[in-house]
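Asks: Quick note: the sequence shown uses full-length UniProt numbering, first residue 1, plus one each step.
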Amino acid sequence: MTIIVGYVPKPQGRSAVDTAVQLAKDTGDTLFVVNAGVGEAVDDPLVASPQHLQELRDHLGTTGVPHEVHQFLRGNDPVEEILALEETLPDVRVIVIGTPRRSRVGKLFLGSIAQSIISQATAPVLCVKAPRK
1 MTIIVGYVPK
11 PQGRSAVDTA
21 VQLAKDTGDT
31 LFVVNAGVGE
41 AVDDPLVASP
51 QHLQELRDHL
61 GTTGVPHEVH
71 QFLRGNDPVE
81 EILALEETLP
91 DVRVIVIGTP
101 RRSRVGKLFL
111 GSIAQSIISQ
121 ATAPVLCVKA
131 PRK
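#1: List the residues that DSSP assigns as beta-bridge partners of I97.
#2: Since G37 sits in a beta bridge, which residues does DSSP pair it with?
#3: I need the DSSP call for T30, collapsed to helix, strand or coil.
#4: How big is the Cα-Cα spacing for P90 and T30?
#5: Determine which residues share a DSSP beta bridge with E68 and list them.
#6: What's the call for L108, buried or exposed, on a 16-neighbour Cβ count within 10 Å?
#7: Less than 8 Å between the CB atoms is what I'm expecting for I82 and I3, so what's the real figure, rounded?
#8: Looking at I97 and A121, is the spacing between their C-beta atoms short of 7 Å?
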């Protein structure tokens with residue numbers, strides 16, 4: 001089976017990857033890690049730089065978990081890319097996404113990307129908090 005991981009170059013992205021690695025170790029699943037953005041804009045905080053992607057690949061290489069890392073910059077937002085992957089990949093066990101820690105008021109509102117994935121995905125979605133500072 002497959003675990004899809006939505007990766008962003010932020011603490012919540014690393015938390016999502018680390019949680020998915022542990023799940024994959026427990027289940028024997030393959031990770032499909034995806035970073036997506038609407039374009040190649042360097043200032044887009046969701047788009048991982050080549051250095052971030054290499055660090056991610058290096059980290060995953062040490063885990064012993066089968067994995068693939070892909071970056072999609074095709075003009076689609078991350079929600080569209082993750083949901084399209086869910087449709088095309090066989091046997092998706094879970095989609096893992098990271099969410100930032102929020103204030104009490106901020107907890108009332110989940111990020112639009114996370115909320116869209118949760119409401120539209122057919123596979124279970126696991127939201128992982130960023131680590132405490």
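Think of the CB as a built atom: it goes at the ideal place given N, C-alpha and C, for glycine as much as any other residue. Computed from a predicted model, the values in this text were never measured in an experiment.
Replies: Considering the structure as presented:
#1: Taking the first residue of the sequence shown as position 1, residue 97 is located at position 97. Answer is C127.
#2: Numbered from its first residue, the sequence shown carries residue 37 at position 37. Residue pairing from DSSP leaves G37 without any beta-bridge partner.
#3: For this step, residue 30 is matched to residue 30 along the sequence shown. Strand, per DSSP.
#4: What you label residue 90 is simply residue 90 of the sequence shown in a count that begins at 1. What you label residue 30 is simply residue 30 of the sequence shown in a count that begins at 1. Computed Cα separation, rounded: 11 Å.
#5: Translated into the one-based positions of the sequence shown, residue 68 becomes position 68. Its beta-bridge partners are F32.
#6: Taking the sequence shown and counting its residues from 1, the one referred to as residue 108 is at position 108. Because L108 carries a pLDDT of 45, less than 50, the predicted location of this residue cannot be relied on, and the following value inherits that uncertainty. Answer is exposed; the Cβ neighbour count stays below 16.
#7: The residue given as residue 82 occupies position 82 in the sequence shown. The residue given as residue 3 occupies position 3 in the sequence shown. Actually they are not in contact, since the Cβ atoms of I82 and I3 sit about 12 Å apart, beyond 8 Å.
#8: Counting from 1 along the sequence shown, the entry for residue 121 is found at position 121. Counting from 1 along the sequence shown, the entry for residue 97 is found at position 97. Going by C-beta atoms, A121 is not nearer than 7 Å to I97.
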